[in-house]
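So the structure is just underneath, and the comments pick up after that.
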Amino acid sequence: MKQAKSTTSRRSFLKVSALASGGIMLSFNFWAEAKPLPGKQLTDSKDWVELNGYIKITPDNVIKILNPNPEFGQNVMTTLPMIVAEELDADWQKVVVEMGPHDNVKLGPQFTGGSNSTRMYWKPLRDAGAAVRQMLMQAAAQTWSVPAEEVTTKAGMLYHEKSGKSGTYGDFASKASVIPVPKGVKLKDPKDFKIVRNSKKNVEGLKIVTGKPLFGLDYTQEGMLIAMIEHPPAFGMKLKSFDASETLKMPGIKDVFGQKLYEDGYEQAGFDTRTFNDLLVVVGKTTWEVMNARKKLKVTWEPISESKETIAGFRGKREVIVPAGLESTSTQLAKMVEYSKMPAEQLRKDGDPETAFKNAAQIIERTYTAPFLAHNCMEPMNFFAHVTDDSALLIGPHQAPGWIEPTLSKILNLPVDKIEIRMARMGGGFGLRAYGHYVTEAALISKKIKAPVKLVYSREDDMTYGIYRPMYTATYRAALDANKNLIAFHLKGGGIPEHAVHANRFPAGAIDNYLAEGWAIPSNITIGAFRAPGSNFNGATEQAFLDELAEAMGKDPIDFRLELLKRAKENPVGKNNEYDVDRYAGVLNLIKEKSGWNNPENKKYSRGVAAYFCHNSYAAHVIDMLKKDGKPYVERVFSTIDCGIVVNPDAATNMVQGAVVDGIGNALYGELTHKDGVPEQNNFNRYRMIRMREAPKSIEVHFVENNIDPTGLGEPPFPPVFAAVANALYKSMGKRFYSQPFSKEIGGA
Amino acid sequence: MAVFNLNINGTKQQVDVDPKTPVLWVLREHLNLTGTKYGCGVAACGACTIHLDGTAVRSCQLPVVAIGSKAVTTIEGLSENGDHRLQKAWLEHDVPQCGYCQGGQVMSAAALLKSKPSPTDEDIDAAMSGNICRCGTYVRIKAAIKTAAKL
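Sequence order for the protein chains is A and B. Per this note's numbering, the very first residue in the first sequence carries number 918; after that it's consecutive. Per this note's numbering, the very first residue in the second sequence carries number 3; after that it's consecutive.
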């Protein structure tokens, strides 16, 4: 995170060019005079100078590539620079990777979310690498007085075969920097890829396993104070008054004060979360001292009254009702049952589902529920802020600093160019770190105390703050005719405070009569994006229902899905079907093959299959369960994914394996319940997380090979895991499971 | 407040803190050794795992006054150059995703290999189930431990 400054003088200069594709400004600045010290390793050094743009090259042919996007474990620090290096035709061994500065003008959107990192940077980064390569080739051609088209490159070297001349990229870096940036440079044919599609180790691996300070919570600087916020013990409560006299007597404590997050009437941007607006802030010298001193606070909380919030998000302005009251899980479940019987918003309708259900020979109806889930990033929320009258420096873990920057500008009354945000490696995100409350809180606290400060959430603060995955329910109905043909399908989904229905996803498009509806119950328990939002329930339930349907129809569950897909391909029903039939069928066919689905040897396993499409990619899993002491457990998993070109295969495999473990864990154990507004789980001794002993022995991942530009990866494999678990449990226990987390019904397996 | 003379990663360190201060925060905020992570504060996640005379302990629940003359090893002190066999195996298997829990995982695994040089799956499950990995890298952690056991 430290920005290296150079004492060497600048000889070359900056060029800026707008790329047609991603709207990204690309800057090149070749450093002709910054020489690495003799024998120096390829690590960060004072010889590097911080510049804008993606690529820097020294005369010694060391290439630095800046990763533009926030890193939260999806491995963009390695994967995105690989894309640049591929088109640059660099020697990966000579590439140094560094986290880029936060600058949405020069480095693009810089957000981690929606499984977009690789997808959105693929083309711009290829263009960036290819343009520099061409400039180097032109520089070499001019120097050698040969036609540019006769110059070739290989692993960071330039060659002219006829004359036998050669040189390094570094030799021509300075000269290349005065060549205008070419546009529309031809990109490599995927068959010529040398770096992309070849696994590269995590460039931060050594730092991670030796405990280097990479994370926001590790950040410190001279004079930095620690702040913590005491928030209400329950949703539906707010701060009334406090007595801090005892707290202020505690060692190390500097200040205790009340602070409003947003002023009255503030119009929230889409990611301006505020579970609690009246903050009670304790500031001290060290985290432990502040944690201790908080226990001495005497606070009076009071119930909130109903309010309306105006949120101006990506999809325009909307009003959100925040009801009063202290909610409990039991009453929420009862309320969901009540709402599920009432008319709902129609989201999609094909054919005449009402008549089809009336004429059905058999109707299968099943209702599913799932609880709120906490993200539980291993690194609790935190952010460093140093706000002065004319500038602000913010350092920490965030998935999309650019979404929070305008809010900071408004609240701190500072122009955006006076706000510097540095992106720390995140100890997980899972969607939670796309929200801005903790960043804004840190900035306001620093402004108030006029000092550099790190805001730290304790685990309890983090787990009980809200921004949870919503609580969901869905009722699925299927109509079969006398010949057991599927003639109608009805999905009615609801949630607190939003539903999970993706109306245009499979099996929409494959069934003549189709109806999807949704409803929602307002709540003062706040929610936010959680790995594959909506999909994580939609996929979990739809794929469990299809399994049951296949059984009722006497069909193999994979073949049944393939039949539906065939129908959607040959004679699609309705419009706006989101999925690509062939890619969907592709992962199913591959899982059938790779899992040995029809192999008699696998009969000893209780096997559950599920597939799903979301975030532009396709995933399927087969989960194999066995029993130990009479209780089922996941022995092994097969996964197939179509996410287009896989840039860094082993890292991609790791992420799919992680999604599988995450899915098994949340399906079996994940649950955040409430009693009178109070979260009943506030730490890992009460919130059950999947652990080593419950993880599968093996997770075999196979990617569909094609030349489609990369699509999503972090989220797509997650939703179908829940259903594969449910379907395998049925085979193991002879009983269907409809309510997550399943471990409750199994009996603590 | 009281002065404590500690043996951290083979070096004598002196701190002046409240005797009840957990070793986790002494390491992180008084000695600037931030490789030991705060994850839960209740010894339920393992991110703060260190060695006390070679035994894996959760430093978030260990008051500094309880250490006495015992030697503390943190992830920063596990090896000179990041070349402990577990660190090598971790890199070979490219274990980390976000990386936050991995220091604690490596420390728990190092203590395991000391007491059981050739651990079975069950040994690994027992020794490592106190360490949560939210990213779900368990399969790779297990593979890396097995690799390291052979190095």
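Note that beta-carbon positions come from the ideal geometry of N, C-alpha and C, so glycine has one too. For clarity, every value in this text was computed on a predicted model and none was experimentally measured.
- Nearest Cα to P998 (chain A) within the set A:L1024, A:E1487, A:G1187, A:E1322: A:L1024.
- With fewer than 16 other Cβ atoms inside 10 Å of its own Cβ, P1064 (chain A) counts as exposed.
- For the region 1295–1311 of chain A, residues whose beta-carbon sits nearer than 8 Å to a beta-carbon of chain B comprise M1295, E1296, P1297.
- Selection A:G1525, A:K1614, A:N1119, A:D1593 evaluated against E124 (chain B) yields A:K1614 as nearest (Cα-Cα).
- Close to C42 (chain B), with beta-carbon spacing below 8 Å, are these residues of chain A in chain order: R1376, N1600, F1601, N1602.
- Around D1135 (chain A), the beta-carbon contacts reaching into chain B at under 7 Å are T36.
- In the DSSP assignment, P1566 (chain A) falls within the alpha helix (DSSP H) that extends over 1566–1585.
- The C-beta separation of T1217 (chain A) from K1157 (chain A) comes to about 4 Å, placing the pair in contact by the 8 Å criterion.
- Judged by DSSP secondary structure, L1397 (chain A) falls within the beta strand (DSSP E) whose first and last residues are 1388–1397.
- Straight across, the Cα-Cα distance linking F989 (chain A) with L1349 (chain A) is about 11 Å.
- Residues of the region 1199–1210 of chain A with a C-beta less than 9 Å from any C-beta of chain B: K1202, T1203, T1204, W1205, E1206, M1208, N1209, listed in chain order.
- In this model, K1335 (chain A) and D977 (chain A) are separated by some 35 Å (Cα to Cα).
- About 7 Å separates the beta carbons of H1354 (chain A) and L1178 (chain A), which is inside the 8 Å limit, making them a contact pair.
- One finds nothing in chain A with a Cβ atom closer than 8 Å to the Cβ of P65 (chain B); even the nearest lies about 10 Å away.
- With a threshold of 8 Å between beta carbons, T1557 (chain A) makes no contact with chain B.
- If the five residues before and after Q99 (chain B) are omitted, its C-beta is found closer than 7 Å to the C-beta atoms of C137, T139, all from its own chain and listed in chain order.
- At a beta-carbon threshold of 7 Å, none of the residues of chain B lie near N1402 (chain A); the nearest stands roughly 40 Å away.
- In this structure, S1523 (chain A) keeps its C-beta atom at 8 Å or more from the C-beta atom of Y1586 (chain A).
- When beta bridges are read from the DSSP output, V1618 (chain A) appears opposite A:S1556.
- Here the region 1180–1192 of chain A makes contact with the region 1218–1236 of chain A; the two share three or more CB pairs at distances below 8 Å.
- In summary, the residues of the region 1609–1622 of chain A whose CB is separated from some CB of chain B by less than 9 Å are M1609, R1610, E1611, A1612, P1613, K1614, S1615, I1616, in the order they occur in the chain.
- Judged by DSSP in its simplified three-state form, M1253 (chain A) adopts helix.
- Inclusion of V1595 (chain A) and P1150 (chain A) in the CB contact set at 8 Å is warranted, their separation being smaller than that value.
- Residues of the region 967–991 of chain A with a C-beta less than 7 Å from any C-beta of chain B: F989, G990, listed in chain order.
- Between the region 48–63 of chain B and the region 1128–1148 of chain A, the count of Cβ pairs shorter than 8 Å is below three; the stretches do not touch.
- At least one CB atom of chain B sits nearer than 8 Å to the CB of Q1574 (chain A).
- Excluding the 5 residues flanking it on each side, V1370 (chain A) has same chain C-beta neighbours closer than 8 Å at M1141, L1142, I1143, A1144, V1200, F1301, A1302, H1303, A1359, I1362, S1363, in chain order.
- At a cut-off of 8 Å between C-beta atoms, E31 (chain B) counts as an interface residue with respect to chain A.
- Only those residues of the region 1323–1346 of chain A whose C-beta falls short of 9 Å from the nearest C-beta of chain B are listed: R1342, M1343, G1344, G1345, G1346.
- For the region 1499–1564 of chain A, the continuous beta strand (DSSP E) assignments of 3+ residues that do not extend past its boundaries occur at 1523–1531, 1534–1545, 1548–1559, in sequence order.
- Listed along chain B are D96, each with a C-beta nearer than 8 Å to that of A1568 (chain A).
- Each residue's CA atom was taken as its position, placing V97 (chain B) and P1314 (chain A) some 21 Å apart.
- When the beta-carbon positions are compared, I1558 (chain A) and V1573 (chain A) come within less than 8 Å of each other.
- Excluding the 5 residues flanking it on each side, T1203 (chain A) has same chain C-beta neighbours closer than 7 Å at I1143, G1169, in chain order.
- When DSSP states are grouped into helix, strand and coil, S1224 (chain A) belongs to the strand group.
- Chain-order list of chain B residues neighbouring V1578 (chain A): C135, C137, G138, T139, Y140, V141, by C-beta distance under 9 Å.
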